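Working notes, structure below.
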């Protein structure tokens, strides 16, 4: 790394041999995202507008924003951290692919509801009964935490990434659990259940890796 630490927003992909190039994984993720949106678009245009409530809308809009940060952190770890932990790199790739695909599904569902694909209000969590600033959403890393991650190297960067991703997933699981209990659309509920299962499993793996780095 250079003398001046990169930030998450400034990081550039590392030039690697083709078999290690992270862009291969990103390209696959983009293909999966396009596939997910395409399938969803087709399904959404072959059925009536589905029933839904404010929890369905709020969950999808806020979770899209939530996913964006997870993808950014995973991409940064995969491409910019010196001497990454192999198992953590694999997990970062899994997060990149799964959350991009889920984002595509959420876009389709929001379109099918006839509502905005993004939360541009500056507020979040109102659908859970405790409206807060969007950057304070459950589990999101703060800018100071992201800056510390960007400045770290080696095992310290790995520890920070694992810690932030555990925190991030715990917030996501809490949001998805509320959606399972209070959303009305069966597709949204099933997606939330899938997120709970996937992210809970990743939390377990992240905790094991974090313990090994202690």
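Residue numbers (this note's numbering): 145 to 358. From the three backbone atoms N, C-alpha and C, an ideal C-beta is built for every residue, glycine too. Just so it is clear, the structure is predicted and the values come from calculations on it, not from any experiment.
Closer than 6 Å by C-beta to residue i: which residues in its own chain qualify, once you throw out the five before and the five after it? Chain order, please.
| i | result |
| --- | --- |
| residue 205 | 263 |
| residue 322 | 272 |
| residue 318 | 282 |
| residue 163 | Per-residue confidence for residue 163 stands at a pLDDT of 41, beneath the threshold of 50, marking its modelled position as unreliable; the derived number appears in the next sentence. Within the same chain, residue 163 has no close Cβ partners at all. |
Compare the Cα-Cα distances from residue i to each of the options and report the closest residue.
| i | options | result |
| --- | --- | --- |
| residue 291 | 282, 207, 279 and 304 | 304 |
| residue 347 | 309, 319 and 334 | 309 |
| residue 258 | 212, 198, 217 and 307 | 198 |
| residue 261 | 207, 330 and 213 | 207 |
| residue 311 | 195, 210, 194 and 200 | 210 |
| residue 244 | 339, 355 and 277 | 339 |
| residue 214 | 314, 226 and 200 | 314 |
| residue 316 | 194, 212, 329 and 224 | 212 |
| residue 196 | 330, 358 and 335 | 330 |
| residue 306 | 228, 265 and 274 | 228 |
| residue 302 | 194, 193, 200 and 225 | 225 |
List the endpoints of the continuous alpha helix (DSSP H) containing residue i.
| i | result |
| --- | --- |
| residue 286 | No alpha helix (DSSP H) contains residue 286, which DSSP labels as neither H nor E. |
| residue 356 | 330-357 |
| residue 225 | That residue, residue 225, is in no alpha helix (DSSP H); it is neither H nor E in DSSP. |
Please go through the same chain and pick out, in chain order, the residues whose beta-carbon is closer than 8 Å to the beta-carbon of residue i, but skip the five residues on each side of it.
| i | result |
| --- | --- |
| residue 231 | 349 and 353 |
| residue 337 | 320 and 324 |
| residue 238 | 346 |
| residue 357 | 229, 299, 302, 303 and 306 |
| residue 288 | none |
Looking only at its chain, what residues have a beta carbon closer than 7 Å to the beta carbon of residue i, apart from the 5 residues adjacent to it on each side?
| i | result |
| --- | --- |
| residue 342 | 242 |
| residue 202 | 270 and 271 |
| residue 236 | 218, 221 and 222 |
| residue 278 | 209, 263, 266, 267 and 268 |
For the region 255-275 against the region 298-313, do three or more pairs of beta-carbon atoms, one drawn from each stretch, fall closer than 8 Å, so that the two count as touching? Contact between the region 255-275 and the region 298-313 is not established, with fewer than three Cβ pairs separated by less than 8 Å.
When the Cβ atoms of the region 244-259 are set against those of the region 273-292, are three or more pairs found closer than 8 Å? Touching, no.
Give the list of continuous alpha helix (DSSP H) stretches no shorter than 4 residues that lie fully inside the region 239-312. Here the runs fully enclosed are 287-295.
Fully enclosed by the region 194-222, which beta strand (DSSP E) runs are 3 residues long or longer? Those beta strand (DSSP E) runs which fall completely within the region 194-222 and span 3+ residues do not exist here.
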